[in-house]
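Residues 43 to 692 in the numbering used here are what the sequence shown lists, from first letter to last. Think of the CB as a built atom: it goes at the ideal place given N, C-alpha and C, for glycine as much as any other residue.
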Amino acid sequence: MHDLVNDLAKFIAGESYLRLDANSSKVLLRKIRHLSWRSYKILDNNKLEDLSKNKVLRTLLPLNGWNEVKKEFLIQPKKLQNFQCLRVLSLYGADGVMKLLNSVGKLKRLRYLDLSFTEIKEVPDTICSMYNLQTLSLHHCTNLNRLTDSIGNLMHLRYLDLSKTEVEWIPDTMCNLLELHTLLLGSCRKLTRLPTDIEKLTKLRRLDISDTSLKEMPLQISNLRHLEMLSDFVVGTNSESSIQMLGRLQSLHRNLNIRSLENVENVDDAGKANLKDKMYVTDLSLEWNGDTGDSDKAQEVLKRLQPHTALEQLSIINYGGISFSDWIADHSFCQIGYMWLSKCKKCRSLPPLGQLPSLKSLSIDGFDLVERIGNEFYTSGSPGVAKPFKSLEKLVFKSMPQWKEWSLVQREVFSQLKELHLMDCPSLKVLGACFPDSLPSLTLLYTSNCKQPVVYSLLMGQLPSLGSLHVCYYPELKSFPGRKLPTNIHTVEICGCKNLKSFAEKEWPSNLKSFSISRCGNLFVHPTQWNLKTLTSLTSLNFNCIDEELGSFPKEGQLPTSLTSLKLSGLKKLKSLNGKAFKDLISLEILSIHHCDQLNCLPEEELPASLILLDILFCGLLNNRCQRDVGEDWHKIAHISRICINNEYI
Numbered sequence: 043m044h045d046l047v048n049d050l051a052k053f054i055a056g057e058s059y060l061r062l063d064a065n066s067s068k069v070l071l072r073k074i075r076h077l078s079w080r081s082y083k084i085l086d087n088n089k090l091e092d093l094s095k096n097k098v099l100r101t102l103l104p105l106n107g108w109n110e111v112k113k114e115f116l117i118q119p120k121k122l123q124n125f126q127c128l129r130v131l132s133l134y135g136a137d138g139v140m141k142l143l144n145s146v147g148k149l150k151r152l153r154y155l156d157l158s159f160t161e162i163k164e165v166p167d168t169i170c171s172m173y174n175l176q177t178l179s180l181h182h183c184t185n186l187n188r189l190t191d192s193i194g195n196l197m198h199l200r201y202l203d204l205s206k207t208e209v210e211w212i213p214d215t216m217c218n219l220l221e222l223h224t225l226l227l228g229s230c231r232k233l234t235r236l237p238t239d240i241e242k243l244t245k246l247r248r249l250d251i252s253d254t255s256l257k258e259m260p261l262q263i264s265n266l267r268h269l270e271m272l273s274d275f276v277v278g279t280n281s282e283s284s285i286q287m288l289g290r291l292q293s294l295h296r297n298l299n300i301r302s303l304e305n306v307e308n309v310d311d312a313g314k315a316n317l318k319d320k321m322y323v324t325d326l327s328l329e330w331n332g333d334t335g336d337s338d339k340a341q342e343v344l345k346r347l348q349p350h351t352a353l354e355q356l357s358i359i360n361y362g363g364i365s366f367s368d369w370i371a372d373h374s375f376c377q378i379g380y381m382w383l384s385k386c387k388k389c390r391s392l393p394p395l396g397q398l399p400s401l402k403s404l405s406i407d408g409f410d411l412v413e414r415i416g417n418e419f420y421t422s423g424s425p426g427v428a429k430p431f432k433s434l435e436k437l438v439f440k441s442m443p444q445w446k447e448w449s450l451v452q453r454e455v456f457s458q459l460k461e462l463h464l465m466d467c468p469s470l471k472v473l474g475a476c477f478p479d480s481l482p483s484l485t486l487l488y489t490s491n492c493k494q495p496v497v498y499s500l501l502m503g504q505l506p507s508l509g510s511l512h513v514c515y516y517p518e519l520k521s522f523p524g525r526k527l528p529t530n531i532h533t534v535e536i537c538g539c540k541n542l543k544s545f546a547e548k549e550w551p552s553n554l555k556s557f558s559i560s561r562c563g564n565l566f567v568h569p570t571q572w573n574l575k576t577l578t579s580l581t582s583l584n585f586n587c588i589d590e591e592l593g594s595f596p597k598e599g600q601l602p603t604s605l606t607s608l609k610l611s612g613l614k615k616l617k618s619l620n621g622k623a624f625k626d627l628i629s630l631e632i633l634s635i636h637h638c639d640q641l642n643c644l645p646e647e648e649l650p651a652s653l654i655l656l657d658i659l660f661c662g663l664l665n666n667r668c669q670r671d672v673g674e675d676w677h678k679i680a681h682i683s684r685i686c687i688n689n690e691y692i
C-alpha cells in the first residue's frame with residue numbers, strides 16, 4: 043500500500059484505528075475497533091487486560107505474528123470468543139491454536155482468518171461453518187495433511203492459501219466455492235491431483251500449483267476462461283490432458299511453467315497451445331523430465347512453442363534436442379532480460395544469444411557436449427547486430443565438462459558485463475586470442491573448479507572496475523596470487539584450495555579490504571608464509587572450515603593491525619586464542635567465533651579494548667564460560683558493549 047493511501051485510510055478511520063507503539067500508553071484499548079502492532083514488547087499486562095474487555099473490536103492484526111505475546115491475557119478460548127464483532131483475525135505463528143479453533147468458529151462475522159505457521163492438523167467443521175469468511179490462510183501449516191469435505195461450506199470464500207502444507211489431495215467439494223478467485227497450493231509437494239470439477243470455479247483468477255507432484259491437469263481446466271495466473275501446466279500422458287488445453291486460456295498473465303513436455307504425443311498439439319497469442323505471459327519456463335529420448339520430436343515441440351515477443355524471461359530445462367529453434371535468439375524478442383538454459387545435454391553448440399538486445403542475465407548450465415564456444419554464440423551473421431550482448435550484465439557458465447575453448451571474432455562485446463561466473467568447467471583451457479582483453483564494467487569474477495590458467499588469463503586483461511574476486515576449488519593452486527592482481531580489487535575469497543600454502547606478499551592490491559579463506563587447510567601448516575601483515579587497508583578477515591590441528595591462533599604479527607572484523611568459523615581443532623597476538627589488533631571491533639568445538643576458553647590477556655561486539659555461536663565449551671556475571675571468562679569480556687551467544691544478546 044502506498045504511504046499516501048495508508049495515511050488516508052488512517053485519517054478516515056480516525057480514533058477507531060490504532061497501530062500500537064511505545065507512545066500509546068494512554069489509549070483505552072477497550073474502545074479501539076482496528077488494532078495492529080509490530081512488537082510484542084509494547085503489549086504490557088495492563089494493555090492486554092484492557093484489550094480483552096473490548097466489545098467492539100473488528101481487527102486484531104499482529105504484523106509480525108504473536109511471537110512471545112503473553113497469551114494468558116488474550117489468546118484464551120473464553121476471552122477470544124468475546125470479540126463477537128471481529129472481522130479480521132490473525133493468529134499467525136500462535137502456539138496452542140488447536141485449543142482456540144472452537145472459539146474462533148463462534149466468531150460468525152469473521153471475514154479474514156490467518157492461521158499460517160501454526161500446528162493445525164486439520165480444518166475443523168467449526169471453521170468450515172463460518173459462512174461469512176472470505177479469506178483463509180493456512181500457509182506453512184506443516185502438520186496439515188488433509189481437508190475435509192466441509193471445506194466446501196465456505197460459500198463466500200474468495201482467497202484460500204494452502205501453500206507449503208502436507209495436503210495430498212483436494213476434496214471435490216472445494217468446487218462448491220463459487221466465489222473463489224485465488225487458490226494457492228505452491229510447495230504442496232505431496233499434492234498429486236486437483237478436483238475433477240474444477241471448471242465450476244468460474245471466478246478463479248489465480249491458481250498456484252508450483253513445486254507440487256501433479257501428474258496432469260484436470261480435463262476441464264481449459265474452461266476457466268477468466269484464469270489470469272496459472273503457475274504451472276503439467277502435460278499428462280492422457281491424450282485428453284494434452285498441452286492444447288492451454289490454447290483456450292487466453293487471459294493468462296505473468297509466469298507460466300509448462301512441465302513434462304516429454305508427454306506431448308502429437309507435436310502439432312504444442313502449436314495449438316497458442317503461446318504466440320499470450321502477450322501477457324512475461325515469464326515462460328519450458329521443462330522436460332529426464333532423458334526425452336527422441337531429439338527430433340523435442341526440437342519440433344520447442345519450435346511450436348514460440349511465445350509472444352513481449353516475453354521478458356525464458357527458461358528451458360532438460361531439453362533433449364540437438365539444436366535450438368531459431369526463435370530463441372531472434373532479435374524481435376527485444377524485451378527478454380533473463381534467460382536460463384539448463385541440462386540441455388544433447389546440444390553441441392549454443393544459439394546466437396548475442397542478438398537479443400535487452401538480455402541482462404544469462405545462465406548456461408549442464409551442456410555436456412559443448413566443446414567450443416565461438417562466434418556462433420554472438421551472432422548468426424544477420425545484419426543489424428553491431429555489438430553482441432550489448433546489455434548483458436551477468437553471465438554464468440556451469441557444469442560444462444567438455445568445454446575446452448572460448449573465443450570470438452568481434453572485440454566489442456560484453457561492454458556492460460558486471461558479473462562473470464565460471465563453475466565446474468574443468469576442461470576449459472583456452473581463451474581465444476580474440477577474447478576481449480577489456481571488460482570495462484566487470485565488478486565480480488567468480489571461478490570454481492576450472493583450470494588455473496583460465497583465471498590468470500582473465501586477470502591479465504584490462505579490468506578497471508573489478509572489485510570482487512572469488513577463486514574456489516583449484517587443487518593445483520599452491521601460492522596465490524601467482525601474478526599481480528588488478529589494483530582496484532577490494533574483496534577476495536579463496537575456497538577449497540587444499541594445496542595452497544602461501545600468499546605472495548608483493549602481488550596483493552594495496553586497497554584490499556575484505557579477505558575470506560575457506561577449506562584451505564595447508565595454509566595453517568605454513569602460517570609463516572601468509573604475508574598478510576603488510577595489507578594495511580584490510581579491515582575484514584574470515585577463516586572458515588579448517589580441519590587441521592591449530593593449537594593456538596593467530597601467531598604474533600600474523601595479521602594486519604588494520605582489522606576491524608575477524609570471523610573464525612568451523613575451526614574444529616582450534617584449542618586456544620593467542621592473547622598476545624590479539625593485543626596487536628588495536629582496531630578490532632567485531633570478533634565472531636562460530637562452531638569452534640574444542641575452543642575451551644578465552645585468552646588470559648584482555649581482548650582488545652576497541653571491541654564492541656563479541657559473537658559466539660555453537661562453541662559448546664565456551665558458551666557457559668561467557669555467561670553474564672557468572673561465567674569463568676566473564677571478567678575478560680565485561681568491557682564489550684554487545685555480546686551475543688547462540689543468537690541471543692546477554
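Query	Result
Under 9 Å between C-beta atoms of L641 and L663	yes
Nearest-angstrom Cα separation, counted from S558 out to W676	29 Å
Straight-line Cα distance separating S281 from L347	18 Å
Contact set for F159: own chain, Cβ-Cβ below 8 Å, skip 5 residues either direction	G107, Y134, G135, H181, H182, C183
Cα-Cα separation between L294 and L219, rounded to whole angstroms	21 Å
Three-state secondary structure assigned by DSSP to Q640	coil
Assigned secondary structure, G612 (DSSP; H/G/I helix, E/B strand, else coil)	strand
Cut-off 6 Å between Cβ atoms - residues of its own chain near K113, not counting five sequence neighbours on either side	Residue confidence is low: K113 scores 49 on pLDDT, short of 50, so the model does not pin down where it sits. No coordinate-derived value is stated.
Rounded distance between the beta-carbons of V209 and L233, thought under 8 Å	6 Å
Sequence-distant residues of its chain with Cβ nearer than 6 Å to L655 (five each side left out)	I632, R684
Distance CB(I251)-CB(M216) smaller than 9 Å	no
Exposure of M197, with buried meaning 16 or more beta-carbon neighbours within 10 Å	exposed
Residue from L644, E690, C686, S652 with nearest C-alpha to E674	L644
Boundaries (first-last residue) of the beta strand (DSSP E) holding C514	510-514
Where E114 falls: helix, strand or coil (DSSP)	For E114, the predicted model reports a pLDDT of 48, less than 50, meaning its position is unreliable; a value from the coordinates is still stated below. Residue state, collapsed to three classes: helix.
Contained alpha helix (DSSP H) runs [length at least 4] in the segment 204-291, N- to C-terminal order	none
L487 to I364 span [Cα, whole Å]	31 Å
Cβ neighbours of E342 in the same chain (closer than 6 Å, five flanking residues each side left out)	V309
Simplified DSSP assignment, three categories, for Y134	coil
DSSP state of W382 mapped onto helix, strand, coil	strand
Same chain, Cβ closer than 6 Å to E435, neighbours up to 5 away in sequence not counted	K402, Q458, K460
Below-9 Å beta-carbon distance, L605 vs any chain C residue	Protein chains in the displayed structure number just one, and chain C is not present.
C492, DSSP secondary structure in three states	strand
Same chain, Cβ closer than 6 Å to L464, neighbours up to 5 away in sequence not counted	F439, T489, C492
Cβ-Cβ separation, R296 to M271 (assumed contact under 8 Å), whole Å	6 Å
Buried or exposed (CB count within 10 angstroms, at least 16 for buried), Q286	buried
Exposed unless 16 or more other CB atoms sit within 10 angstroms - verdict on V47	exposed
Reference R231, options T529, H637, L326, I212, closest by Cα	I212
Alpha-carbon to alpha-carbon, Q377 and I304	The residue you asked about is not Ile; residue 304 is Glu in the sequence shown. Rounded to whole angstroms, E304 to Q377 spans 28 Å at the Cα level.
Distance, Y516 Cα to Q494 Cα	7 Å
Inside the segment 147-186 only - alpha helix (DSSP H) runs reaching at least 4 residues	167-170
Y201 (DSSP reduced to helix, strand or coil)	strand
For L616, the nearest candidate out of F595, S634, I162 (CA to CA)	F595
Three-way DSSP call (helix, strand, coil) for R684 in this model	strand
Beta-carbon spacing of L269, L236 below 9 Å	no
Backbone CA spacing between I536 and N688 [nearest angstrom]	27 Å
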